[in-house]
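Q:
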Amino acid sequence: MGIFLAFGLHALLAGALLVTSSSLSGLQRLTLGESISVERPGDVLVSAGGTFSAGFVPVGENAYGFSIWYTHALQKTVVWMANRDKPANGKHSKLWLHNDGSLVLLSGGEGKVWEAGAGLGWDVISLELLETGNLVLTNRTGNVVWQSFASPTDTLLPGQKLTRNTMLLSERAAGDYRSGFYNFKFNDDNVLYLIYNGPEISSVYWPPQDTTIYNQGRTNFNSSRVAILDDKGFFLSSDHLNFSSSDYGPGPSRRLTLDHDGLLRLYSLNESTGDWAAVWLPDIGVCEVHGLCGAYGICTYLPEPMCTCPPGFHRADPEDWSRGCRPEFNLTSAMGSVDFIKFRHTDYYGNDLEYRNNATLNSCRTACRDDPRCQGFGIRGKKCYPKYALLNGQRTPSNSNRLYIKVPASTGVRKKDGGALIQSGLTCSNQLVRISSGKRRPDGAKSPYLKYLVGFVGALGAVEAVIIILGWIFIRRIHRSLGPAEMGHRFQLAIGFRRFTYAELKAMTMNFSEEIGRGGFGSVYRGLLEDGKTPVAVKRLEGVTQGEAEFWAEVAVIGRINHMNLVRVWGFCAEGKHRLLVYEYLENGSLDRLLFASDATKVLNWEKRYAVAVGTAMGLAYLHEECLEWVLHCDVKPQNILLDEQYRPKLADFGMSKLTERGAAGGSGPRGKCEVSRARGTRGYMAPEWMVNQEITAKADVYSFGVVLLELVTGKSATGVSEGQWNHLIRWVEEKMEGLHGMDQMVDEGLNGGYDEVQAELVLRVALLCVRTNKDERPAMSTVVGLLHGDLSPDDESSHGSLA
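Those letters in the sequence shown? Residues -16 to -1, 1 to 788, by mature numbering (1 follows the signal peptide of the UniProt record, and there is no 0).
1. Do the segment 211 to 230 and the segment 119 to 133 make contact, defined as three or more Cβ pairs closer than 8 Å?
2. Check each candidate in Gly360, Gly365, His329 and Tyr372 and name the one with the smallest Cα separation from Ala343.
3. So, do the segment 306 to 313 and the segment 279 to 287 have three or more beta carbon pairs nearer to each other than 8 Å?
4. Enumerate in chain order the residues of its own chain whose CB-to-CB distance from Ser431 is below 6 Å, with the five nearest sequence positions on each side excluded.
5. Are Ala211 and Glu115 close, meaning C-beta to C-beta below 8 Å?
6. Please tell me whether Thr703 has its Cβ less than 8 Å away from any Cβ of chain B.
7. Which two residues bound the contiguous alpha helix (DSSP H) that contains Gln743?
8. Strictly by DSSP, which residues pair up with Lys367?
9. Mind listing, in chain order, the continuous beta strand (DSSP E) runs of no fewer than 3 residues lying wholly within the segment 513 to 601?
10. Give me whichever residues DSSP pairs with Ile52 in a beta bridge.
11. Label Tyr251 either buried or exposed according to how many other C-beta atoms from any shown protein chain fall within 10 Å of its C-beta, with 16 as the threshold for buried.
12. Apply the 10 Å Cβ neighbour rule to Lys517 and answer buried if 16 or more other Cβ atoms are within range, or exposed otherwise.
13. Could you give the residue range of the alpha helix (DSSP H) that holds Trp674?
14. Would Arg593 be called buried (16 or more neighbouring beta carbons within 10 Å of its own) or exposed?
15. Name the residue from Thr330, Ala373, Tyr372 and Glu288 whose alpha carbon lies nearest to the alpha carbon of Ile363.
16. Just curious, the beta strand (DSSP E) that Val391 is in, first and last residue?
17. With DSSP as the reference, label Val691 as helix, strand or coil.
18. Measure the C-alpha to C-alpha separation of Leu178 and Pro191 and round it to an integer number of angstroms.
19. Can you give me the C-alpha to C-alpha distance between Gln193 and Leu121, rounded to a whole angstrom?
20. According to DSSP, is Arg353 part of a helix, a strand, or is it coil?
21. Does the Cβ of Met494 have 16 or more other Cβ atoms within 10 Å, making it buried, or fewer, making it exposed?
22. Mind reading off the beta-carbon distance from Tyr569 to Val539? Whole number of angstroms is fine, and I expect it under 8 Å.
23. Measuring only the C-alpha atoms, how far is Leu14 from Glu532?
24. What residue does the beta strand (DSSP E) around Ser19 start on, and which one ends it?
25. Would you list the residues sitting across from His155 in a DSSP beta bridge?
26. Decide if Asn383 is buried, meaning its Cβ has at least 16 other Cβ atoms within 10 Å, or exposed.
27. With DSSP as the reference, label Leu776 as helix, strand or coil.
28. Straight-line CA distance for Ser256 to Lys216?
29. Looking at the ligand GTP, does it come within less than 7 Å of Thr15, judged from the CB to the closest heavy atom?
30. Would you say residue 798 and Asp172 are within 8 Å of each other, going by their C-beta atoms?
31. DSSP three-state label for Arg132, please.
32. Could you check whether Glu526 and Gly506 sit closer than 8 Å to each other, using their CB atoms as the reference points?
33. With 16 other CB atoms within 10 Å as the buried threshold, where does residue 793 fall?
34. Go ahead and label Ala57 buried or exposed: buried means 16 or more other beta carbons lie within 10 angstroms of its beta carbon, across all protein chains shown.
35. Along the chain, where does the beta strand (DSSP E) containing Arg212 start, and where does it finish?
36. State the Cα-Cα distance for the pair Gly126 and Ser163, rounded to the nearest angstrom.
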């Protein structure tokens, strides 16, 4: 009964919102001398098919913008605005098609605030909103002489071109339509970039600038500078930036929007619910966007992205994180008596004074202390980066950088570790645009009426969210478009991935003739894409019984996960009884084939083994603590650690529990839990809590990883022993360590002494921390990364699970 009531209430609310978001009988066009008034709600232009509407939209208190929006979206989705930085008054304002053919926006008490088509002459006869969302001025012969498509704001619509003279410019903040600081445009080198263009500094943040554009499949050898999104969800650019939506194909309305957080997202509209879903976004994390947290600010995932201030600093503007953090001291007056706050896993991207190689911590500290320009420095290995500005801060467990911020020695701020951070969600500006009768007021206190209105809207939104969760999630899955892909071998380098047919996968794998692996979830076969050159790994899943829509929903979670130490999922097949996943192909296969082979040491020397340990730890730390879709692996073992052509590790089969047992994975962070009805994993790697029906958390993966560390050092397998001796390898190493035996008796004898004794002992000690029987005593994976990098000591109590 409650569900039906929710459906009814949702329909009532949706109907009310749709009535208020579009005119019941909109205007078809404006002719010379006609106008649209801000004071007449029925004055709305509507496209011929009703897809788009245009009229005045409230953008603040007594402030309005003339806008174009999707008519059938549940919430009004503005895709273009004429006067985003010069709002019109709520009284006596109008959009007027002047008799001379120009389109003029008049604000009551101010006069003209925007104009288009000036000087085009008397040939202009009408203003019309096309079904594409393009607002056009046409002349007597029917030709378009001006169009809104030529001057986009933050959104590109299907069929609309992005050219050398146009760009997407984000909003200032959520709900604040003023021009923001993020651009998507062609730069002077003919390449499309995402650019932060702040009040004081400008920088490119995507694609990453630490590799060349050619390594990213882009090219600057063109002069056309044109890009377009088609109606099937494919984006094509002259610099070879090509991508498609995960629901590629004809059907839903789409838009490519540069959002206020600096991320470019491709959205599709679910016509049955009126909701938008992101179906593509670039291969970049929120915290990698420049300018979000301002000077000194640090972006971190908890697990949602949050801005933080270091100790001794406070927010410069309580309503706008982009203004960063302000020190509570005067550093210039303290020169000669300075100290440094240390932060692990933290970096401020860019703004280096210089680059120092073969540097020590002391030499780097001295150089920064003695240079009045230096505000802090980063150090990674033997490389030192003194910085003249601390911008674009980010903190992630997989980051091996240590960051030191210069502060006066007399501040009393805790210096050894960064200490507590002042945290706040990533909401940018809360400032409100206000228009009085004739002039704009400066930002000030919000009106009491607006507070009540915001409170009502917030409450309504909360009710709406609950209703959607309870009543519409199932319908959304059933009605989601799952049209066949037509993109050939153009796999996406972001969350969008391809849906294959079973016939395609049979052809690609020569009828599944070359098996390259077999595991608990099914067999893996080698295949080639249609180009005949690109290899892929195709896994036939066993024990998966979900319907197609449910399977797609779970695969979408896995497809959004991206990290250099995790195997990428390129596509899937859900057809009849067949459920398959398509992965990137790793040339050197799984770790177990090399580690336990008779000639293992010829390939896996100590340097490669240590790199495998660190890389796998970073991949798990990402899954547990950085990934916005938090995932337990549940089966960490050498068979699921694959090696690329340079023997770099990539963890495979993560997220498989989501596919093989619905409801198995849950939680919201590294200390979340996973309710599982049966034991998972492989004998020898399974944590004790699997056997005694205890709560399963991320610490079960930590245990399995500890066993893998022991195998990497000793060369001995944890499997293949008699019943009841699952922990034989752990006990063997513990006995050797307690007996003060030399490392040569524990390290794989096949290495013939060719190993770093200090590193080998470190890895063994970290492994024994990970395999403690009490899961609360095991460290978190982010702590394990710090231990293996040498940032923490296994003897430090803070590295144990109770404090991790």
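Built from N, CA and C at the ideal position, the CB exists for glycine as well.
Keep in mind the model is a prediction, meaning the values are calculated, not measured.
A: In short:
1. no
2. In the sequence shown, the residue the question calls residue 343 occupies position 359. Minimum Cα distance to Ala343 is reached at Gly365.
3. yes
4. Taking the first residue of the sequence shown as 1, we reach residue 431 at position 447. In this prediction, Ser431 scores a pLDDT of 39, lower than 50, which makes its location untrustworthy; no coordinate-derived value is stated.
5. Taking the sequence shown and counting its residues from 1, the one referred to as residue 211 is at position 227. Taking the sequence shown and counting its residues from 1, the one referred to as residue 115 is at position 131. No. Outside cutoff.
6. Reference to chain B is not applicable here, since this structure consists of a single protein chain.
7. Counted from its first residue, the sequence shown places residue 743 at position 759. Gln743 -> alpha helix (DSSP H) spans Glu741 to Cys754.
8. Start at 1 with the first residue of the sequence shown, and residue 367 comes out as number 383. In the DSSP output, where bridge partners are listed per residue, Lys367 has Arg364.
9. 519 to 525, 553 to 559 and 562 to 568
10. As a working mapping, residue 52 is identified with position 68 in the sequence shown. Beta-bridge pairing links Ile52 to Ala38 and Trp64.
11. Here residue 251 refers to the residue found at position 267 of the sequence shown. Label assigned to Tyr251: buried.
12. Position 533 of the sequence shown, counted from the first residue, corresponds to residue 517. Lys517 is exposed by the Cβ-count criterion.
13. Here residue 674 refers to the residue found at position 690 when the sequence shown is read from its first residue. Counting along the chain, the alpha helix (DSSP H) containing Trp674 begins and ends at Pro672 to Met675.
14. For this step, residue 593 is matched to residue 609 along the sequence shown. Counting Cβ neighbours within 10 Å, Arg593 comes out buried, since at least 16 surround it.
15. In the sequence shown, residue 363 corresponds to position 379, counting from 1. Ranked by Cα distance from Ile363, the first of Thr330, Ala373, Tyr372 and Glu288 is Thr330.
16. Taking the first residue of the sequence shown as position 1, residue 391 is located at position 407. Arg386 to Pro392 is the extent of the beta strand (DSSP E) around Val391.
17. By 1-based counting over the sequence shown, the position of residue 691 is 707. Residue state, collapsed to three classes: helix.
18. Start at 1 with the first residue of the sequence shown, and residue 178 comes out as number 194. Start at 1 with the first residue of the sequence shown, and residue 191 comes out as number 207. So the alpha carbons of these two residues sit roughly 7 Å apart.
19. As a position in the sequence shown, residue 193 is number 209, starting the count at 1. As a position in the sequence shown, residue 121 is number 137, starting the count at 1. Rounded to whole angstroms, Gln193 to Leu121 spans 41 Å at the Cα level.
20. Along the sequence shown, read from residue 1 onward, the residue named residue 353 stands at position 369. It is helical.
21. For the purposes of this step, residue 494 is taken as residue 510 along the sequence shown, with counting starting at 1. Exposed: under 16 other Cβ atoms inside 10 Å.
22. The residue given as residue 569 occupies position 585 in the sequence shown. The residue given as residue 539 occupies position 555 in the sequence shown. With 8 Å as the limit, Tyr569 and Val539 do not qualify as a contact, their Cβ atoms being about 19 Å apart.
23. Sequence index remark: in the sequence shown, residue 14 carries index 30 (1-based). Sequence index remark: in the sequence shown, residue 532 carries index 548 (1-based). Each residue's alpha carbon lies about 48 Å from the other.
24. Here residue 19 refers to the residue found at position 35 of the sequence shown. Counting along the chain, the beta strand (DSSP E) containing Ser19 begins and ends at Ser19 to Ser21.
25. Mapped onto the sequence shown, residue 155 falls at position 171. Here residue 155 turns out to be Glu, not His, going by the sequence shown. Ser163, per the DSSP bridge assignment.
26. Taking the sequence shown and counting its residues from 1, the one referred to as residue 383 is at position 399. Flag for Asn383 reads buried.
27. Counted from its first residue, the sequence shown places residue 776 at position 792. It is coil, neither helix nor strand.
28. Numbered from 1 along the sequence shown, position 272 holds the residue referred to as residue 256. Numbered from 1 along the sequence shown, position 232 holds the residue referred to as residue 216. Near 19 Å, if we compare the C-alpha coordinates of Lys216 and Ser256.
29. The ligand GTP is absent from the structure shown, which contains no ligand whatsoever.
30. The structure shown does not extend to residue 798, since the chain is modelled only from -16 through 788, so no value can be given for it.
31. Against the sequence shown, residue 132 aligns to sequence position 148. Reading off the sequence, residue 132 comes out as Ser, not Arg. Residue state, collapsed to three classes: helix.
32. For this step, residue 506 is matched to residue 522 along the sequence shown. For this step, residue 526 is matched to residue 542 along the sequence shown. Yes, they are a contact pair.
33. Because the chain in this structure spans residues -16 to 788, residue 793 falls outside the shown range and cannot be described.
34. In the sequence shown, residue 57 corresponds to position 73, counting from 1. It counts as buried.
35. Start at 1 with the first residue of the sequence shown, and residue 212 comes out as number 228. Just to set this straight, residue 212 is Ile in the shown sequence, not Arg. It spans Val210 to Leu213 - the beta strand (DSSP E) in which Ile212 sits, taken as one unbroken run.
36. Here residue 126 refers to the residue found at position 142 when the sequence shown is read from its first residue. Here residue 163 refers to the residue found at position 179 when the sequence shown is read from its first residue. For Gly126 and Ser163, the distance between alpha carbons rounds to 33 Å.
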